[in-house]
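Peer 1: Structure in structure tokens, see below.
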Amino acid sequence: MKKLTIALAFAAVLTACGGQKTLLQSGKYNLQSECPANGDCTFAVAKDTSMILTEDGVGKMRYNMTSHEGKSILTYKYNKKSDPRAQDDFYSEEVIIETNSDVASLNKDSEIKMLFGVFCYCKGVAGYYEVKDGYAEYRDGKVIITVPKVIENQKTNIIIADIK
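Reminder that position 118 of the sequence shown reads as 290 in this note's numbering, one-by-one numbering, no gaps.
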């Protein structure tokens, strides 16, 4: 009898939660913004995940992802296609945002954590930077992320991803 009661309670919980629609699911989404020339871009979401920011021994920013219900991480990546004949011809940028899982409530005043990462053979520039003036908003089924200038010759400024 106890097992039957537990099974019925579990089924009731699943049924109650099944009626809620959520905009955000882990996985990949369609990018609407243009990818910088000569490169590939991706946009992914890790639902129920947050990031913990740390610094390494030389003052460089790092992040780790951890499980956290109600939070999500949006990750945009740009990878320049490199010339295989040149050993140091690599360049990539990342924008990582931690937000509440309810992306439909995002607006310019929403509290988010944003990191900008650049990886290249560029001494003193490569690494992650915490971004204070960037923002993300939700309009017409799209998440629009605005990234202020963090480094010289930055490729990523506006990211638009379809999240309908």
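Don't be surprised by glycine CBs; every beta carbon is placed ideally from N, CA and C.
Just so you know, these numbers come straight off a predicted model, no measurement behind them.
Taking the CB atoms as reference points, tell me whether Ser264 and Val290 lie closer together than 9 Å.
Peer 2: The answer is yes: Cβ separation under 9 Å.
Peer 1: May I have the straight-line CA-CA distance separating Val297 from Ser244, to the nearest angstrom?
Peer 2: Approximately 28 Å between the Cα atoms of the pair.
Peer 1: For Met223, which of Gly313, Met233, Pro208 has the nearest alpha-carbon?
Peer 2: Closest option to Met223, Cα to Cα, is Met233.
Peer 1: When you compare only the Cα positions, how much space is there between Glu309 and Ile323?
Peer 2: Each residue's Cα considered, the two are about 23 Å apart.
Peer 1: Applying the criterion that 16 or more other CB atoms from any shown protein chain within 10 Å of the CB defines a buried residue, is Gly306 buried or exposed?
Peer 2: Buried: at least 16 other Cβ atoms inside 10 Å.
Peer 1: Tell me whether His206 is buried or exposed, calling it buried when 16 or more other Cβ atoms sit within 10 Å of its Cβ.
Peer 2: One point to set straight first is that residue 206 is Glu, not His, in the sequence displayed. So Glu206 counts as exposed.
Peer 1: With a cut-off of 8 Å on the beta carbons, I'd call Leu202 and Asp334 a contact; round off their distance for me.
Peer 2: Per the sequence shown, residue 202 should be read as Asn rather than Leu. Right, their Cβ atoms sit about 4 Å apart.
Peer 1: Are Ile268 and Thr238 touching if we call contact CB-CB under 9 Å?
Peer 2: For Ile268 and Thr238, no; Cβs fall outside 9 Å.
Peer 1: Taking Ala258 as the reference, which of Pro320, Tyr293, Tyr300, Gly229 has the closest Cα?
Peer 2: Selected option, being the one with the closest Cα: Tyr293.
Peer 1: Would you mind listing the beta strand (DSSP E) stretches within the region 261 to 315 that are 3+ residues and don't spill past its ends, in chain order?
Peer 2: Whole beta strand (DSSP E) segments, 3+ residues: 263 to 272, 285 to 292, 299 to 303, 307 to 311.
Peer 1: On the DSSP letters alone, give me the boundaries of the beta strand (DSSP E) that Ile224 sits inside.
Peer 2: Counting along the chain, the beta strand (DSSP E) containing Ile224 begins and ends at 211 to 227.
Peer 1: Asp334 by DSSP, collapsed to three states: which one?
Peer 2: Three-state DSSP puts Asp334 in a strand.
Peer 1: Compare the Cα-Cα distances from Thr226 to each of Asn325, Leu287, Val319 and report the closest residue.
Peer 2: The option with the nearest alpha carbon to Thr226 is Leu287.
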